[in-house]
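These notes concern the structure reproduced below.
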Amino acid sequence: MKKKLAQTAVLSITAVWILNGCTGTEAAPSNATQTGAATGAVAGAVVGYNASRHNRGTNAVVGAAAGALLGGAIGNAVDNQNPQPVNDGGWQ
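In this text, residue positions in the sequence shown follow our numbering: the first is 45, and each later residue adds one.
Structure, rendered in structure tokens:
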């Protein structure tokens, strides 16, 4: 049981670390949608996997999909509230 929990934790942390690199490194704070979707997918997969002892794989996939949708929606709302940065001709 403890070994399975440790494996799940390591896998989750690794997935967040890898997926975080996919969100972009631009200076503009307009990537909350991507970050929210990636974080939501990982969190949803972990919650889905641990929700029941039966059909853990299916639960993880459904949880990841639901988490990605919810996280992406929240991130999109954050992106829409943040003003776009203005290029004032300063240092690039």
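The beta carbon of each residue, even a glycine, is placed where N, CA and C say it ideally should be.
Check: By Cβ distance, which residues of its chain are closer than 6 Å to L49, with the 5 residues on each side in sequence left out?
Finding: Hits under 6 Å: none found.
Next item on the list: Under 6 Å Cβ to Cβ from A108, same chain only, skipping five residues before and after it: list those, please.
Entry: Around A108, the same chain offers A85, G88, A89 as residues with beta carbons nearer than 6 Å, after the five sequence neighbours per side are excluded.
Check: Any idea what DSSP makes of N126, helix, strand or coil?
Finding: Collapsing the DSSP output to three states places N126 in coil.
Check: Between N75, T77, N94, which lies nearest to S56 when the distance is taken from Cα to Cα?
Finding: Checking every option, the nearest Cα to that of S56 belongs to N94.
Check: If we call anything under 8 Å between Cβ atoms a contact, is T58 one with G116?
Finding: Taking 8 Å as the cut-off, the Cβ atoms of T58 and G116 do not count as close.
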